[in-house]
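Peer 1:
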Amino acid sequence: MYMTGGRGKCVDVLHVIGDMICQLGKPPMRPQLDPIINVEQIEVNTDNDTQSANDNTEESIDMIEKNVNSIDIKNNDDDNTNDENIEMENNSCTPDTIENSMLVDPVKEMDKLLEYCFLKACKGIKKEELPLLSSNFFKNHLISACPPGQIIDIKKSSYKKSSVFLGYMKSKGVIDTTILKGVESIIYIQTENPLLKKLIIMEKKVAEKPAELSNAPVVADCYKVTADVVPILSKYGYEKGDIMKRPEIRKCFFDYVKKENLQDGKTLKINPQLAGILRTKESVITLSMEDGINKFIGRMTFTHEITIAGTKIFHTGKLEPIDITVATRSYGKKATLVNNLETFGIKLDEFSRECQGIGASATVTEVPGKKTPSVLVQGNQVLYVYKLLTEKYRINKNYIRGLEFAPKKRK
Numbered sequence: 001m002y003m004t005g006g007r008g009k010c011v012d013v014l015h016v017i018g019d020m021i022c023q024l025g026k027p028p029m030r031p032q033l034d035p036i037i038n039v040e041q042i043e044v045n046t047d048n049d050t051q052s053a054n055d056n057t058e059e060s061i062d063m064i065e066k067n068v069n070s071i072d073i074k075n076n077d078d079d080n081t082n083d084e085n086i087e088m089e090n091n092s093c094t095p096d097t098i099e100n101s102m103l104v105d106p107v108k109e110m111d112k113l114l115e116y117c118f119l120k121a122c123k124g125i126k127k128e129e130l131p132l133l134s135s136n137f138f139k140n141h142l143i144s145a146c147p148p149g150q151i152i153d154i155k156k157s158s159y160k161k162s163s164v165f166l167g168y169m170k171s172k173g174v175i176d177t178t179i180l181k182g183v184e185s186i187i188y189i190q191t192e193n194p195l196l197k198k199l200i201i202m203e204k205k206v207a208e209k210p211a212e213l214s215n216a217p218v219v220a221d222c223y224k225v226t227a228d229v230v231p232i233l234s235k236y237g238y239e240k241g242d243i244m245k246r247p248e249i250r251k252c253f254f255d256y257v258k259k260e261n262l263q264d265g266k267t268l269k270i271n272p273q274l275a276g277i278l279r280t281k282e283s284v285i286t287l288s289m290e291d292g293i294n295k296f297i298g299r300m301t302f303t304h305e306i307t308i309a310g311t312k313i314f315h316t317g318k319l320e321p322i323d324i325t326v327a328t329r330s331y332g333k334k335a336t337l338v339n340n341l342e343t344f345g346i347k348l349d350e351f352s353r354e355c356q357g358i359g360a361s362a363t364v365t366e367v368p369g370k371k372t373p374s375v376l377v378q379g380n381q382v383l384y385v386y387k388l389l390t391e392k393y394r395i396n397k398n399y400i401r402g403l404e405f406a407p408k409k410r411k
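207 is the number that the UniProt record's numbering gives to position 207 of the sequence shown; each next residue is one higher, with no gaps.
#1: Does the region 370–383 come within contact of the region 393–407, defined as at least 3 CB pairs closer than 8 Å?
#2: Which same chain residues, not among the five before or five after LEU389, have their C-beta less than 7 Å away from its C-beta?
#3: Within 10 Å of its beta-carbon, does MET110 have 16 or more other beta-carbons around it, so buried, or fewer, so exposed?
#4: Quick one: what does DSSP say residue 447 is sitting in, helix, strand or coil?
#5: So, ASP242 versus VAL225, is the Cβ gap smaller than 9 Å?
#6: DSSP three-state call for SER352: helix, strand or coil?
#7: What residues match up with GLN150 in a beta bridge as DSSP calls it?
#8: With a CB to CB cut of under 7 Å and the five nearest residues on each side skipped, what residues in its chain are close to LEU195?
#9: Comparing C-alpha positions only, which one of ASP221, LYS240 and SER288 sits nearest to PHE254?
#10: In terms of residue numbering, what span does the alpha helix (DSSP H) encompassing ILE200 cover?
#11: Should GLU320 and THR343 be called a contact, given that it needs their Cβ atoms to be closer than 9 Å?
#12: Among residues of its own chain, excluding the 5 on either side of SER185, which ones have a beta-carbon nearer than 7 Å to its beta-carbon?
#13: Flag this pair as yes or no: are the beta carbons of LEU262 and MET244 separated by less than 9 Å?
#14: With the cut-off set at 9 Å, would you say TYR223 and ILE249 are in Cβ contact?
#15: So, under 8 Å CB-CB, VAL104 and SER158 are touching, yes? Tell me the CB distance rounded to an integer number of Å.
#16: Taking the C-alpha atoms as reference points, what is the distance between GLY359 and PHE138?
#17: Do VAL326 and THR336 have their C-beta atoms closer together than 9 Å?
#18: Helix, strand or coil for ARG246, going by three-state DSSP, please let me know.
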């Protein structure tokens, strides 16, 4: 094949009759290729063979029969009977199940569901709501009365039309209808009707699925308890370093004022303890209630609480927004820098991979003058970054700065 360039036919001989492999076992029997075989001779030979075989095996058969008689076959019989019983039971159940499935009439089932929902809806309608358009009744009351997991389709019932069904219920004395301005309306519901009285609503309440935690960052203003305000807030179970929201602080402050009898209308009387906390001058003996609470809160550390998917992040001091800037690099190439992402719980590696979706390279880098690492995206990608932050990460636009660096549209 090599000499012919891989063309033509090739045979790789592995084994032939008469070689060394043939000598390992019995010599192979070559097939007899006689033209015709005498059938009568074969029959005679087979009869002789069977006779000799029978003679040779009589003794072995006798031994086997003795062994079989000594075996306890009770268990086998029980197993066989059990198998037969199971088969009979299965066979007997199959026709019943088939018959029961054939007896279910979807039209009758829809009629029952329609009547049940109608009676249930009638029980929930107040007299003040009548007269009620039949179309509004079906849309706002009957459909909403349908049990969970089921759907009402009047066309699949025997009535086919809502007017026919209302006529049937009117004949039962449940409702009374009339034509008002060319439209059928329900004007009366007989609450004493036996059908309504006998109605028993037995529906299993579907367990409500827990609301999925939102990934949108929620920013709330909070205050950290300091040593200055501990003397008052400790009376209400708070310690130094605890995080409180403004309504909680106000409640504790007003409870303290009432307990110490320091309120006179909208005026706050300052006692020695408050004077030490608020650090007022000795000449000041009263303040307005609002000034007093504002000064009290002012003695605490302002903190931001950022909640992301149930996880809370606390940031002390002023909350810096996400900063987007555009820098010009070598050869006039532009790059977009995104800083302060970690403040809002955004992972830098994940955000840089998202930015690569537009075909631009993105890396995490240290920028001189910045306290935290930034994400650097090739090119002016301000609009893409802004859209990514507001739509996927659901950052409020008030916490994003730098949209003015987006490329201007050409006229």
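No residue lacks a Cβ here, since even glycine has one placed at the ideal position from N, Cα and C.
Bear in mind that the values here come from a model prediction, so they are computed numbers and not experimental data.
Peer 2: Quick answer:
#1: Yes, the region 370–383 is in contact with the region 393–407.
#2: Position 389 of the sequence shown, counting from 1, holds the residue named residue 389. Correct list, in chain order: ILE322, ILE395 and ILE400.
#3: Within the sequence shown, residue 110 is the residue found at index 110, counting from 1. Classification for MET110: buried.
#4: Missing from the structure shown is residue 447; the chain here goes from 1 to 411 and no further.
#5: Stepping through the sequence shown from its first residue, residue 242 is reached at position 242. Stepping through the sequence shown from its first residue, residue 225 is reached at position 225. Going by C-beta atoms, ASP242 is nearer than 9 Å to VAL225.
#6: For this step, residue 352 is matched to residue 352 along the sequence shown. Note: SER352 maps to helix in three-state DSSP.
#7: In the sequence shown, the residue the question calls residue 150 occupies position 150. BP columns for GLN150 are empty, so no partner.
#8: For the purposes of this step, residue 195 is taken as residue 195 along the sequence shown, with counting starting at 1. Around LEU195: LEU119, LYS172 and VAL174.
#9: Here residue 254 refers to the residue found at position 254 of the sequence shown. Nearest option by C-alpha distance: SER288.
#10: If you number the sequence shown from 1, residue 200 lands on position 200. Taken as a continuous stretch (DSSP letters only), ILE200 belongs to no alpha helix (DSSP H), as it is neither H nor E.
#11: Start at 1 with the first residue of the sequence shown, and residue 320 comes out as number 320. Start at 1 with the first residue of the sequence shown, and residue 343 comes out as number 343. For GLU320 and THR343, yes; Cβs fall inside 9 Å.
#12: Counting from 1 along the sequence shown, the entry for residue 185 is found at position 185. Excluding residues within five positions, the ones whose Cβ falls inside 7 Å are PRO131, LEU132, LEU133, SER134, THR177 and THR178.
#13: Taking the first residue of the sequence shown as position 1, residue 262 is located at position 262. Taking the first residue of the sequence shown as position 1, residue 244 is located at position 244. Contact: no.
#14: For this step, residue 223 is matched to residue 223 along the sequence shown. For this step, residue 249 is matched to residue 249 along the sequence shown. The answer is yes: Cβ separation under 9 Å.
#15: Here residue 104 refers to the residue found at position 104 when the sequence shown is read from its first residue. Here residue 158 refers to the residue found at position 158 when the sequence shown is read from its first residue. No, VAL104 and SER158 are not in contact; Cβ-Cβ is about 15 Å, not under 8 Å.
#16: Walking along the sequence shown from the start, residue 359 turns up at place 359. Walking along the sequence shown from the start, residue 138 turns up at place 138. Roughly 54 Å between the two C-alpha positions.
#17: For the purposes of this step, residue 326 is identified with residue 326 of the sequence shown, where counting begins at 1. For the purposes of this step, residue 336 is identified with residue 336 of the sequence shown, where counting begins at 1. For VAL326 and THR336, yes; Cβs fall inside 9 Å.
#18: Working through the sequence shown from its first residue, we reach residue 246 at position 246. In this structure, ARG246 counts as helix in the three-state DSSP scheme.
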